[in-house]
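*Asks:* From first to last, the protein sequence lines stand for chains A and B.
If you count by the working numbering, then the first sequence holds residues 1 to 277, one letter each, in order.
If you count by the working numbering, then the second sequence holds residues 278 to 667, one letter each, in order.
No residue lacks a Cβ here, since even glycine has one placed at the ideal position from N, Cα and C.
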Amino acid sequence: MSEMRHDGTSPERLARVGVSSDAVTDQHQRAVRSGRHRASTTIRWLPIISGIAVAGYGLSRRSKSGLLLASVAGGAVTYGIGRRRAHDAPDGEHSIRIEKVITINKPVEEVYRAWSKVTDLPRILSHLQSVTDLGQGKSHWVANAPLGKTVEWDAETMVDQENRVISWRSTGETAVQNVGAVRFQEAPNGRGTELRVRIEYNVPFGTVGSAVAKLFGEEPGQQVEDDLRRFKQMLETGEVATTEGQSRAGSPSSRMDAGMDKVRQFADAAASVVGNR
Amino acid sequence: MRALTWHGTGDVRVDNVPDPAIINPRDAIVRITSTAICGSDLHIYDGYIPTMEPGDILGHEFMGEVVEVGKNVGNLQVGDRVVVPFAIACGSCYYCQHELWSLCDNSNPNAALADRFYGYSGAGLYGYSHLYGGYAGGQAEYARVPFADVGPLKIPDNLPDDQVLFLTDIFPTGYMAAENCNIKPGDIVAVWGCGPVGQFAIRSAYLLGAEKVIAIDRFPERLRMAAEGGNAITINYAETPDIVQALKDLTGGRGPDACIDAAGMEAHGTGIDSWTDRAKQVSRVQFDRPHVLREAIQACGKGGTVSIAGVYAGYIDHMPMGVAFAKGLTFKMGQTHVHRYLRPLLDRIEHGDIDPSFVVTHRLSLDEAPHAYEIFRDKQDDCIKVVLTP
Numbered sequence: 001m002s003e004m005r006h007d008g009t010s011p012e013r014l015a016r017v018g019v020s021s022d023a024v025t026d027q028h029q030r031a032v033r034s035g036r037h038r039a040s041t042t043i044r045w046l047p048i049i050s051g052i053a054v055a056g057y058g059l060s061r062r063s064k065s066g067l068l069l070a071s072v073a074g075g076a077v078t079y080g081i082g083r084r085r086a087h088d089a090p091d092g093e094h095s096i097r098i099e100k101v102i103t104i105n106k107p108v109e110e111v112y113r114a115w116s117k118v119t120d121l122p123r124i125l126s127h128l129q130s131v132t133d134l135g136q137g138k139s140h141w142v143a144n145a146p147l148g149k150t151v152e153w154d155a156e157t158m159v160d161q162e163n164r165v166i167s168w169r170s171t172g173e174t175a176v177q178n179v180g181a182v183r184f185q186e187a188p189n190g191r192g193t194e195l196r197v198r199i200e201y202n203v204p205f206g207t208v209g210s211a212v213a214k215l216f217g218e219e220p221g222q223q224v225e226d227d228l229r230r231f232k233q234m235l236e237t238g239e240v241a242t243t244e245g246q247s248r249a250g251s252p253s254s255r256m257d258a259g260m261d262k263v264r265q266f267a268d269a270a271a272s273v274v275g276n277r
Numbered sequence: 278m279r280a281l282t283w284h285g286t287g288d289v290r291v292d293n294v295p296d297p298a299i300i301n302p303r304d305a306i307v308r309i310t311s312t313a314i315c316g317s318d319l320h321i322y323d324g325y326i327p328t329m330e331p332g333d334i335l336g337h338e339f340m341g342e343v344v345e346v347g348k349n350v351g352n353l354q355v356g357d358r359v360v361v362p363f364a365i366a367c368g369s370c371y372y373c374q375h376e377l378w379s380l381c382d383n384s385n386p387n388a389a390l391a392d393r394f395y396g397y398s399g400a401g402l403y404g405y406s407h408l409y410g411g412y413a414g415g416q417a418e419y420a421r422v423p424f425a426d427v428g429p430l431k432i433p434d435n436l437p438d439d440q441v442l443f444l445t446d447i448f449p450t451g452y453m454a455a456e457n458c459n460i461k462p463g464d465i466v467a468v469w470g471c472g473p474v475g476q477f478a479i480r481s482a483y484l485l486g487a488e489k490v491i492a493i494d495r496f497p498e499r500l501r502m503a504a505e506g507g508n509a510i511t512i513n514y515a516e517t518p519d520i521v522q523a524l525k526d527l528t529g530g531r532g533p534d535a536c537i538d539a540a541g542m543e544a545h546g547t548g549i550d551s552w553t554d555r556a557k558q559v560s561r562v563q564f565d566r567p568h569v570l571r572e573a574i575q576a577c578g579k580g581g582t583v584s585i586a587g588v589y590a591g592y593i594d595h596m597p598m599g600v601a602f603a604k605g606l607t608f609k610m611g612q613t614h615v616h617r618y619l620r621p622l623l624d625r626i627e628h629g630d631i632d633p634s635f636v637v638t639h640r641l642s643l644d645e646a647p648h649a650y651e652i653f654r655d656k657q658d659d660c661i662k663v664v665l666t667p
C-alpha cells in the first residue's frame, strides 16, 4: 500500500485517481478553508489538555515506553500552545491526504457493487459507526475519532461512474471536512480489481494530535489501510480475520500496552537495521 | 483448558485458560490428540521472535478431533480426525489460488504490523507471535482453527497420530526444501542441520531422486539418524575444519548441486563469524545468526541452488553475494506452503514410502511441556523430537 502524504492538493494526483480535478480541488479547498474557520476554541485547547493528561500517564509508568509516550504527549502540549498563538496559519496547513491502493481478487463489478452499498460499509469498515442513506446521492456518516470520540458529517456523491469511480465530499457543518474518491480498475491478467482510495480532510487535532492518536492505534492513514484490508477480506473470504475473543493466559494486555510494546519493538527493529548499515 | 503459554525468554508454563470458541463462520474447534514442539518454537523460547506477549499460547504442529464447526464449514463434521497445517490460509486470495498458501493475503489480523516489518504480510501462523497474527497455538487441549474449510486434512483411522502429525509442518517443510532444490538425476544435495526438518529434507531429497545426500551437524545422535535411517553421508562439523573443502572432496570437486539450510537463525558454528553473529544477536543488533547460510553459499556448486528451510527474521550482513553471483546460484526460501503437500505426502505415507514417526525421540504429557522445551533446547537425552499428549 502507498504511504500517507501530508502535503496539499495537486490536480495531477486527483487526475490519477480518475476524478475531474478542477471541481474536486475547488470544492476541497473551499471545504478545508471553511472547516478551519469553524474550528472551535475547544478543539484548539484539546491538544493541551489531552497532552498534559497523556504525558502525566506516560511519566507515571516509569518505563522506556512511558517516557516515549510522555515526550510525544509533551509535544502535543507545546503544539497546542503554539496552535493557540498561531491559529491564523495559512490555508491547508492541517489538511491530510491519504492515498491507498489494494488489489482485491474479485471482478470490478463485484467490488464496485459492494462499495456502492454505503449503508453496509460500517459492517466492514471498523472505524465507521453508521452510514445513513438520505436519498438523492446524499448520506450521513458517523465515524470513530481518536480518544473515544465520534465525528459526523453529511456527504454528497459528486461522481458515480459504474465500475469506474465514485467520489464524494462532505457538506455543511462538521469537524472533519472531507473529500474523497474511489477508483476501480481491472488488474492485469485476471488478478482482480485494483481499488484506489484517496481521501483528503482537515484534522481536528492537527498533525501532532495525529501523532498522539497514532500511539492509540487510530492513526488516520492506518485506519484507511486497515479498512481496505477488511473490505478485501470480506469480499474474498466472507469474513474478517481476527483473534479477538480467543484463548490466552491472563487478560489481554490493554490496547495501550500492546500498542506501546509494538512501538518499542519497531524501534528495536529499526536499530537493528541501522546497526547493520 | 490447559495450554502451554509463553511468559518471557526461557519461561513457558502450563496455564489454565478459557476454552476456545467459534469466532468466525469458517472456524472449527479441534480437540487436540497430539502436538509437537518445533525447532522454530525454540526461537520464541529463546526470545528471538519479536512481538510475543506474555500469556500467548504456543504450538503450531497439532492434530486432533473436530468438536465444533462454524456455520460456513461444510466439509468437516464433528468427530472427523484431522491434521492442521501450521500456516492459516483463506483459500480464496490470489496467493492461495496459486498454491502459495503461506503467503495468504487474508489470514493475518495484524497484517499492518507485518507490512511494517517485511513490506508485505504473509499468512497468519498458530502460536507464532503477533507479527504472524497472534493466533493461539496448539500446545493445548483445544484449538480454534480459522478457515477450517480450507486447511485441515481428514486422516484415515488406520494411521496412528505419530505417522501423520508431522504433515502439519516438518515433513512438508523438509519436502519443500528438497523440492526447491530442483533435483535432477545425479544431483548431490548437502543438508546443514540434522534436526527434524533436516531429517525430512534428507529423506525427501532421496524421494525426489537425489544421487547422494550429505548431512552436516555435530550431534552424534542426529548424525546417526541421518546416516542409519536417512542413508546420508555425514560430516561432523565440529571435527571438520573446512566444510567447503570436505564437500568438494565428496563431490568430485564440483560442489553440491543443491544446499539446504535446515538450521536457520540460531545456527551454531565454530568459525569467527559465528561468534560475532552470536554477539550481534545477543545484543539484538542482528536477529539472525547466518553462519550456515554463508557456508551453504560458499560450498554450493556452480549453477546450484541454495534452499532455505530454517527461519530467518531480520537483516543480516556480510553475506557472500559476490560468491553467489559468480556461481550463478538460485535462492529458494520461505514459510512452507503446507496445504500444497498435505494430500501428496499423506499418499506417500499410506503407500509406505516413508514413516514419519522415525523422528520421535520423546513422548511426554502436555503438563511436562516446560521440561520438554528445556531438554529439546539443550539437546539433553539425545532429544530430537518431542510429541506432547494433552
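Taking only beta-carbon positions, decide if ASN105 (chain A) is within less than 8 Å of chain C.
*Replies:* The structure shown contains no chain C; the protein chains it does contain are A and B.
*Asks:* Candidates A:ILE96, A:TYR112, A:ARG97, A:SER95: which alpha carbon is nearest GLU186 (chain A)'s?
*Replies:* Translated into positions along the first sequence, residue 186 (chain A) becomes position 186. The option with the nearest alpha carbon to GLU186 (chain A) is A:TYR112.
*Asks:* Between ASP439 (chain B) and ALA298 (chain B), what straight-line distance do the alpha-carbon atoms span, to the nearest angstrom?
*Replies:* Position 162 of the second sequence, counting from 1, holds the residue named residue 439 (chain B). Position 21 of the second sequence, counting from 1, holds the residue named residue 298 (chain B). If you take the alpha carbons of ASP439 (chain B) and ALA298 (chain B), they lie about 27 Å apart.
*Asks:* Taking just the CA atoms, how far does GLY415 (chain B) sit from MET329 (chain B)?
*Replies:* For the purposes of this step, residue 329 (chain B) is identified with residue 52 of the second sequence, where counting begins at 1. For the purposes of this step, residue 415 (chain B) is identified with residue 138 of the second sequence, where counting begins at 1. Each residue's alpha carbon lies about 16 Å from the other.
*Asks:* Please tell me whether SER369 (chain B) has its Cβ less than 8 Å away from any Cβ of chain A.
*Replies:* Walking along the second sequence from the start, residue 369 (chain B) turns up at place 92. So, interface residue.
*Asks:* DSSP state of PHE424 (chain B), grouped into three classes?
*Replies:* Here residue 424 (chain B) refers to the residue found at position 147 when the second sequence is read from its first residue. In this structure, PHE424 (chain B) counts as coil in the three-state DSSP scheme.
*Asks:* For the stretch 298-316 of chain B, enumerate the residues whose C-beta is nearer than 8 Å to any C-beta of chain A, in chain order.
*Replies:* Listed in sequence order: ALA298, ILE300, ASN301, PRO302, ARG303.
*Asks:* Just to make sure I have the definition right: I need the residues of chain A whose C-beta is within less than 7 Å of the C-beta of THR351 (chain B). Which are they?
*Replies:* Here residue 351 (chain B) corresponds to residue number 74 of the second sequence, with the count starting at 1. Sequence inspection shows Gly at residue 351 (chain B); the Thr mentioned does not correspond to that position. Within chain A, no residue comes near GLY351 (chain B); the closest Cβ sits about 12 Å away, beyond 7 Å.
*Asks:* Just the chain B side, please: which residues come within less than 9 Å of THR242 (chain A) by C-beta, in chain order?
*Replies:* Within the first sequence, numbered from 1, the residue matching residue 242 (chain A) stands at position 242. ILE300, ASN301, PRO386, PRO423, listed in chain order.
*Asks:* Check this for me: beta carbons of LEU500 (chain B) and ALA487 (chain B), under 8 Å apart or not?
*Replies:* By one-based count along the second sequence, residue 500 (chain B) stands at place 223. By one-based count along the second sequence, residue 487 (chain B) stands at place 210. No, the pair does not count as a contact, with Cβ atoms beyond the cut-off.
*Asks:* What number of angstroms, rounded off, separates the C-alpha of GLY217 (chain A) from the C-alpha of SER130 (chain A)?
*Replies:* Along the first sequence, one-based indexing puts residue 217 (chain A) at 217. Along the first sequence, one-based indexing puts residue 130 (chain A) at 130. Here GLY217 (chain A) scores only 46 on pLDDT, less than 50, and its place in the model should not be relied on; the value that follows carries that caveat. Between GLY217 (chain A) and SER130 (chain A), the C-alpha separation is close to 20 Å.
*Asks:* Run through DSSP, which three-state label would VAL588 (chain B) get?
*Replies:* If you number the second sequence from 1, residue 588 (chain B) lands on position 311. Looking at VAL588 (chain B) - three-state DSSP - the assignment turns out to be coil, as it is neither helix nor strand.
*Asks:* What is the DSSP secondary structure of LEU436 (chain B), counted as helix, strand or coil?
*Replies:* The sequence position of residue 436 (chain B) within the second sequence is 159, counting from 1. If DSSP states are grouped into helix, strand and coil, LEU436 (chain B) belongs with coil.
*Asks:* Taking CB distances under 8 Å as the criterion, tell me whether ALA249 (chain A) reaches chain B.
*Replies:* Along the first sequence, one-based indexing puts residue 249 (chain A) at 249. Cβ-Cβ to chain B under 8 Å: yes for ALA249 (chain A).
*Asks:* Looking at chain B, which residues of the stretch 175-193 of chain A have a Cβ within less than 8 Å of any of its Cβ atoms?
*Replies:* Per Cβ criterion, the list reads ARG191, GLY192.
*Asks:* What residues of chain B sit near ARG229 (chain A), judged by a beta carbon separation below 7 Å?
*Replies:* Position 229 of the first sequence, counting from 1, holds the residue named residue 229 (chain A). Chain B residues near ARG229 (chain A): ALA388.
*Asks:* Do VAL108 (chain A) and PHE184 (chain A) have their beta-carbon atoms positioned less than 8 Å apart in this structure?
*Replies:* On the first sequence, residue 184 (chain A) is found 184 positions in, with the first residue counted as 1. On the first sequence, residue 108 (chain A) is found 108 positions in, with the first residue counted as 1. For PHE184 (chain A) and VAL108 (chain A), yes; Cβs fall inside 8 Å.
*Asks:* State the start and end residues of the unbroken beta strand (DSSP E) segment that holds ILE104 (chain A).
*Replies:* Taking the first sequence and counting its residues from 1, one reaches residue 104 (chain A) at position 104. Where ILE104 (chain A) is concerned, the enclosing beta strand (DSSP E) stretches over 95-104.
*Asks:* Any heavy atom of the ligand NAD closer than 7 Å to the CB of HIS375 (chain B)?
*Replies:* Among the components of this structure there are no ligands whatsoever, and the ligand NAD is therefore not found.
*Asks:* Where does ASP133 (chain A) fall in DSSP's three states?
*Replies:* Taking the first sequence and counting its residues from 1, one reaches residue 133 (chain A) at position 133. Strand, per DSSP.
*Asks:* Would you report the Cα separation of ARG495 (chain B) and VAL350 (chain B), rounded to the nearest angstrom?
*Replies:* One-based indexing of the second sequence puts residue 495 (chain B) at position 218. One-based indexing of the second sequence puts residue 350 (chain B) at position 73. Looking at the two C-alpha atoms, the distance is approximately 47 Å.
*Asks:* Would you mind sorting PRO433 (chain B) into buried or exposed? The rule is 16 or more other CB atoms within 10 Å of its CB.
*Replies:* The residue labelled residue 433 (chain B) in the question sits at position 156 within the second sequence. Label assigned to PRO433 (chain B): exposed.
*Asks:* For GLN161 (chain A), which three-state DSSP category applies?
*Replies:* The count along the first sequence starts at 1 and reaches residue 161 (chain A) at position 161. Residue state, collapsed to three classes: strand.
*Asks:* Does the stretch 585-602 of chain B come close enough to the stretch 518-531 of chain B to have 3 or more Cβ pairs within less than 8 Å?
*Replies:* Because the criterion of three Cβ pairs below 8 Å is not met, the stretch 585-602 of chain B and the stretch 518-531 of chain B do not touch.
*Asks:* Taking the alpha carbon of GLY332 (chain B) as the point to measure from, which residue in B:HIS407, B:ARG654, B:ARG566 has its own alpha carbon closest?
*Replies:* Here residue 332 (chain B) is taken as the residue at index 55 of the second sequence, counted from 1. Measuring from the Cα of GLY332 (chain B), the nearest candidate turns out to be B:HIS407.
*Asks:* Which residue's Cα is closest to the Cα of GLN657 (chain B): B:HIS639, B:TYR589, B:ASP446, B:GLY580?
*Replies:* By 1-based counting over the second sequence, the position of residue 657 (chain B) is 380. The shortest Cα separation from GLN657 (chain B) among B:HIS639, B:TYR589, B:ASP446, B:GLY580 belongs to B:HIS639.
*Asks:* Taking the beta strand (DSSP E) that THR286 (chain B) falls in, what are its first and last residues?
*Replies:* In the second sequence, counting from the first residue as 1, residue 286 (chain B) sits at position 9. Counting along the chain, THR286 (chain B) falls outside any beta strand (DSSP E), and DSSP gives it neither H nor E.
*Asks:* Sorted by chain position, which residues of the same chain lie with C-beta nearer than 6 Å to ASN105 (chain A)'s C-beta, five sequence neighbours on each side aside?
*Replies:* Start at 1 with the first residue of the first sequence, and residue 105 (chain A) comes out as number 105. Around ASN105 (chain A): GLY192, GLU236.
*Asks:* With 8 Å as the threshold, decide whether the Cβ of ASP160 (chain A) is near any Cβ in chain B.
*Replies:* For the purposes of this step, residue 160 (chain A) is taken as residue 160 along the first sequence, with counting starting at 1. No - not a single Cβ of chain B is within 8 Å of the one on ASP160 (chain A).
*Asks:* So for LYS489 (chain B), helix, strand or coil by DSSP?
*Replies:* Taking the second sequence and counting its residues from 1, the one referred to as residue 489 (chain B) is at position 212. Correct three-state label for LYS489 (chain B): strand.
*Asks:* DSSP state of LYS609 (chain B), grouped into three classes?
*Replies:* Looking up residue 609 (chain B) in the second sequence gives position 332. Correct three-state label for LYS609 (chain B): strand.
*Asks:* Can you find the residues in the same chain that come closer than 6 Å, C-beta to C-beta, to VAL142 (chain A), ignoring five residues on each side of it along the sequence?
*Replies:* Along the first sequence, read from residue 1 onward, the residue named residue 142 (chain A) stands at position 142. If we look at VAL142 (chain A) and ignore the five residues flanking it on each side, its Cβ neighbours are GLN129, SER130, THR150, GLU152.
*Asks:* What three-state label does DSSP hand ASN293 (chain B) in the structure shown?
*Replies:* One-based indexing of the second sequence puts residue 293 (chain B) at position 16. It is a strand residue.
*Asks:* How far does the alpha helix (DSSP H) with MET598 (chain B) in it extend, from its first residue to its last?
*Replies:* In the second sequence, residue 598 (chain B) corresponds to position 321, counting from 1. It spans 598-603 - the alpha helix (DSSP H) in which MET598 (chain B) sits, taken as one unbroken run.
*Asks:* Is it true that the CB of ILE479 (chain B) sits closer than 8 Å to the CB of ALA515 (chain B)?
*Replies:* Position 238 of the second sequence, counting from 1, holds the residue named residue 515 (chain B). Position 202 of the second sequence, counting from 1, holds the residue named residue 479 (chain B). Contact flag unset, no.
*Asks:* Could you check what DSSP says for GLN185 (chain A) in three-state terms: helix, strand or coil?
*Replies:* Reading the first sequence from its first residue, position 185 is the one you call residue 185 (chain A). Of the three classes helix, strand and coil, the one that applies to GLN185 (chain A) here is strand, per DSSP.
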